[in-house]
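Number of protein chains: 2
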Amino acid sequence: MTIALSTLNIITIEFMIYYCEYIRINGESFGRQKEECDLASRDKRVTLQDVANDAGVSRATASLVVRGSKSIKASTHKKVMDSMEKLGYVYDRLAASFRSQSSSTVGIVITDIENPFYHQMLTKISDVLYEQQFTFLLGMSSESQEKQEKVLETMLENRVCGIILTPVAGTPPLLFNKLRSMQIPALLIGREVEGSGADYVGTDYRLGSQLAIRHLVEQGHRRIAYIGGMPPGNTAYRERIDGYCSALRECGLEVDPQLIIPTPLNREGGIRAIQEALLLDHPPTACFCHNDIIALGVTIGMRFQGLVPGEHMAIVGFDNVLETETVEPQLTTVSVFHDQWGVESARQMLGRIGGLLNDPVKIIIPPKLIVRKSSVCFKGLPNLKA
Amino acid sequence: MTIALSTLNIITIEFMIYYCEYIRINGESFGRQKEECDLASRDKRVTLQDVANDAGVSRATASLVVRGSKSIKASTHKKVMDSMEKLGYVYDRLAASFRSQSSSTVGIVITDIENPFYHQMLTKISDVLYEQQFTFLLGMSSESQEKQEKVLETMLENRVCGIILTPVAGTPPLLFNKLRSMQIPALLIGREVEGSGADYVGTDYRLGSQLAIRHLVEQGHRRIAYIGGMPPGNTAYRERIDGYCSALRECGLEVDPQLIIPTPLNREGGIRAIQEALLLDHPPTACFCHNDIIALGVTIGMRFQGLVPGEHMAIVGFDNVLETETVEPQLTTVSVFHDQWGVESARQMLGRIGGLLNDPVKIIIPPKLIVRKSSVCFKGLPNLKA
DNA sequence: CTGAAAGCGCTTACAG
DNA sequence: CTGAAAGCGCTTACAG
Chain A
1 MTIALSTLNI ITIEFMIYYC EYIRINGESF GRQKEECDLA SRDKRVTLQD VANDAGVSRA
61 TASLVVRGSK SIKASTHKKV MDSMEKLGYV YDRLAASFRS QSSSTVGIVI TDIENPFYHQ
121 MLTKISDVLY EQQFTFLLGM SSESQEKQEK VLETMLENRV CGIILTPVAG TPPLLFNKLR
181 SMQIPALLIG REVEGSGADY VGTDYRLGSQ LAIRHLVEQG HRRIAYIGGM PPGNTAYRER
241 IDGYCSALRE CGLEVDPQLI IPTPLNREGG IRAIQEALLL DHPPTACFCH NDIIALGVTI
301 GMRFQGLVPG EHMAIVGFDN VLETETVEPQ LTTVSVFHDQ WGVESARQML GRIGGLLNDP
361 VKIIIPPKLI VRKSSVCFKG LPNLKA
Chain B
387 MTIALSTLNI ITIEFMIYYC EYIRINGESF GRQKEECDLA SRDKRVTLQD VANDAGVSRA
447 TASLVVRGSK SIKASTHKKV MDSMEKLGYV YDRLAASFRS QSSSTVGIVI TDIENPFYHQ
507 MLTKISDVLY EQQFTFLLGM SSESQEKQEK VLETMLENRV CGIILTPVAG TPPLLFNKLR
567 SMQIPALLIG REVEGSGADY VGTDYRLGSQ LAIRHLVEQG HRRIAYIGGM PPGNTAYRER
627 IDGYCSALRE CGLEVDPQLI IPTPLNREGG IRAIQEALLL DHPPTACFCH NDIIALGVTI
687 GMRFQGLVPG EHMAIVGFDN VLETETVEPQ LTTVSVFHDQ WGVESARQML GRIGGLLNDP
747 VKIIIPPKLI VRKSSVCFKG LPNLKA
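Each protein sequence line maps, in turn, to chains A and B. Counting from 1, position 363 in the first sequence corresponds to residue 363 in this note's numbering; the numbering is continuous, with no gaps. If you want this note's numbering, it's the 1-based position in the second sequence plus 386.
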């Protein structure tokens, strides 16, 4: 048994030293000599030509069989299938895509996989795509325009047949012209880009915000903060703010700009925003948060300050991620049915790839308020200045 | 403005009726007539030949420029780059991969994207791969051998250059022979497959379990349950059980088989397992859970029973996902540094793709116990039978 | 129902 | 440093 320390291993070790107490490098044989792979394709890949030769048909016929053409005699079909099995043939979708100039890989660009927002959505998209023999490349933009552009560029180089995108703020409409000129359908999820002409799947954020605000007003709140919305340059943000303002006015309340607190869309952002809010001369008694992650951050931030979330400050989130049920207090939130977004966007995308040419559609899935403890156990703020 | 109701739209509407109050179908023009796309590639794709023609060089020279070859005169380089810019050339990586028979797309198969276990890991893998101009196809197995096989098959058809896999229970070692015969490197994350001969990145589960159990024993617990581990057929499970048993014995305690409670690895599984555990004649006073999601399920399940998690039952998880900090009580857990798993596995995979041929390596990142409230506020079980 | 032939857009030796 | 030529594994009309 020899332990080979290649350059890479040494680099790894140096790097790991900060994280590890030890590394085991296993000298176990790779088994290359054993040659026990009963599959024929040892060095040369098995091609359709090999299959055709073995089955005694032409390559064209074999190709038709692979793709399940109806115009092939049953006996020929079986012959070819048997040869494929026997030779361990693996269909070369790369070559097929190249030849037919049409791939079966969709590009999906999200902002941040740690946001639970995407989980059920991705699961559903994946299910629908794989079911139809499609796959997807996944990319993350981290809310950075530059990174989004790079990721998209890489995907286009890889000739994806469609792009499903949660656009970062400031995404230029020109991008969609480019995609159109390349005949690549685009679909936006959750955030629109004005003038994009792309399909869209999302919810009515305005209504969602109104449901939340009306509920809080009904609970007796008069000073309600809006937390979140950074970066601000997208419709999902503007619609929420719009719903927030209109619902307040509709209830006879004024909008206090001090209570609109922009913060990055992550836990940390929520933690910092609530600290900021509590320093105001007239702090809010309730927080309506851009999303659940912010709301969870607010919850943690309050505990950091020695306050009890819910009792000292009502909290409402947005999204209805699973974690809203495990946190204490359970979080009131606006459910937008992300799993449904996933199903709808994958189907719509497959339709476009299939050649659907009608005008862009907007698929809007209405939100629903889920009332839980965090907005109904308010007891009043303690005197913070004391 | 016309509203076109194609077949697909009608289908969508019928389907949506269960979820929606309404759908808006937008008649906004697609803008195809505007022809304002200043990029040349309207119908025909711009090829390297076009670029070469425009720059007045041969296709081969243009190819060398695209790939940043050093053996090209600076003036030629500039000419070609200018032409590329001017014509809006997009490198066709599909064609390149096909020609060189080497792709730059890695296949990543995980079990379930809703498990936070994967989030930081995927983010890191993605960062490392995209940085090197690689991309990845993502697939999910849902712990089903059949689904894993299908996903892998699709990936092989798409000619991925490597496979990063969290194998489901019962993954046959033969799979790895097949991959080897196709010259596709494989790397396992978090779970080993005996005899696979693949690289492995993971932690020392045995040690992690021991740290957890020793801590609970120090806290005075004598009846400690192990919850989780279904499906049981993988090393990550066996090592945990092994650590659990050995640490108990080392502390002079006996292993009670009744306290080993198998359950599916999700929230629901935790909820049901704790209900089961509480029905035992001698219920445990502490639960060591297979992962944090199970532990969170246990937390919820206890509340369902009117019990206070932590106080009525100590709880320890495994993984240190973000949610362990927001749940009440904050969860004691074993951190395994998943972000680091991501970095290591992506690097190791890139090394293999680059031609590294040494024996398989195991990169083991040591676990660390993170003590939080859920294991240090125990007050005793109430009399459940009463 | 099946076969012969062209070609998708690149890369890669091999000359010059 | 640059050009001419072959070919990766398929699909796709077009004949027969």
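Every residue, glycine too, gets a C-beta built ideally from N, C-alpha and C. Predicted model, so just to flag it, every value in this text is computed and none were measured.
- Taking the CA atoms as reference points, residue 121 of chain A sits about 20 Å from residue 296 of chain A.
- Using beta-carbon distances, residue 159 of chain A counts as an interface residue toward chain B, with a partner under 8 Å.
- Taking 8 Å as the threshold, the shortest C-beta distance from residue 151 of chain A to chain B falls below it.
- The alpha-carbon of residue 154 of chain A is positioned some 24 Å away from that of residue 127 of chain A.
- At least one CB of chain A lies nearer than 8 Å to the CB of residue 491 of chain B.
- The Cβ atoms of residue 755 of chain B and residue 720 of chain B lie closer than 8 Å to each other.
- Secondary structure note for residue 236 of chain A: its alpha helix (DSSP H) is the uninterrupted segment 235–250.
- Under the 8 Å criterion on CB atoms, residue 691 of chain B is classed as non-interfacial with respect to chain A.
- The Cβ-Cβ distance between residue 66 of chain A and residue 91 of chain A falls below 8 Å.
- Residue 170 of chain A and residue 108 of chain A have their C-alpha atoms roughly 18 Å apart.
- Not a single CB atom of chain A sits nearer than 8 Å to the CB of residue 597 of chain B.
- Put simply, of B/522, B/587, B/696 the residue whose alpha carbon is nearest the alpha carbon of residue 723 of chain B is B/587.
- Approximately 6 Å separates the beta-carbon atoms of residue 731 of chain B and residue 511 of chain B; this is inside 8 Å, confirming the contact.
- The Cβ of residue 483 of chain B sits closer than 8 Å to at least one Cβ of chain A.
- Fully contained in the segment 100–152 of chain A are the following alpha helix (DSSP H) runs of length 4 or more, in chain order: 119–131.
- A residue is called buried once 16 or more other Cβ atoms fall within 10 Å of its Cβ, and residue 454 of chain B, having fewer, is exposed.
- Excluding its 5 nearest sequence neighbours in each direction, residue 115 of chain A has C-beta neighbours in its own chain below 7 Å: 293, listed in chain order.
- Within its own chain, the residues whose Cβ lies closer than 8 Å to the Cβ of residue 608 of chain B, once the five positions on either side in sequence are excluded, are 639, 671, listed in chain order.
- Taken in chain order, the complete beta strand (DSSP E) segments of 3 residues or longer contained in the segment 153–205 of chain A are 162–165, 186–189, 199–202.
- Around residue 103 of chain A, the same chain offers 97, 159, 160, 161 as residues with beta carbons nearer than 7 Å, after the five sequence neighbours per side are excluded.
- Beyond the five residues adjoining it in sequence on each side, residue 168 of chain A comes within less than 7 Å, by CB distance, of 111, 141, 143, 144, 145, 148 in the same chain, given in chain order.
- Three or more Cβ pairs closer than 8 Å define a contact, and the segment 516–524 of chain B falls short of that threshold against the segment 577–585 of chain B.
- Apart from sequence neighbours up to five positions away, the residues of its chain that approach residue 676 of chain B with a beta-carbon distance below 7 Å are 613, 614, 615, 626, 651, 704, ordered along the chain.
- Per the coordinates, the alpha-carbon of residue 480 of chain B lies some 25 Å from the alpha-carbon of residue 464 of chain B.
- For the segment 267–306 of chain A, the full-length alpha helix (DSSP H) segments reaching 4 residues or more read 267–278, 292–304 along the chain.
- In terms of beta-carbon proximity, residue 296 of chain A lines the interface with chain B, with at least one pair separated by less than 8 Å.
- In this structure, residue 274 of chain A lies near residue 302 of chain A, with their beta-carbon atoms less than 8 Å apart.
- Within the model, the alpha-carbon separation for residue 757 of chain B versus residue 718 of chain B is close to 5 Å.
- Of all residues in the segment 125–142 of chain A, only 126, 127, 130, 133, 134, 135, 136, 137, 138, 139, 140, 142 come within less than 9 Å of chain B when Cβ atoms are compared, listed by chain position.
- Residues of chain A whose Cβ lies closer than 7 Å to the Cβ of residue 661 of chain B do not exist, since the nearest Cβ in that chain is about 17 Å away.
- Separation of the CB atoms of residue 666 of chain B and residue 644 of chain B is rounded to 6 Å, and the pair is thereby assigned contact status at 8 Å.
- Counting along the chain, the unbroken beta strand (DSSP E) around residue 335 of chain A starts and ends at 332–335.
- Taking the beta carbon of residue 478 of chain B as reference, the chain A residues within 8 Å of it are 157, 159, listed in sequence order.
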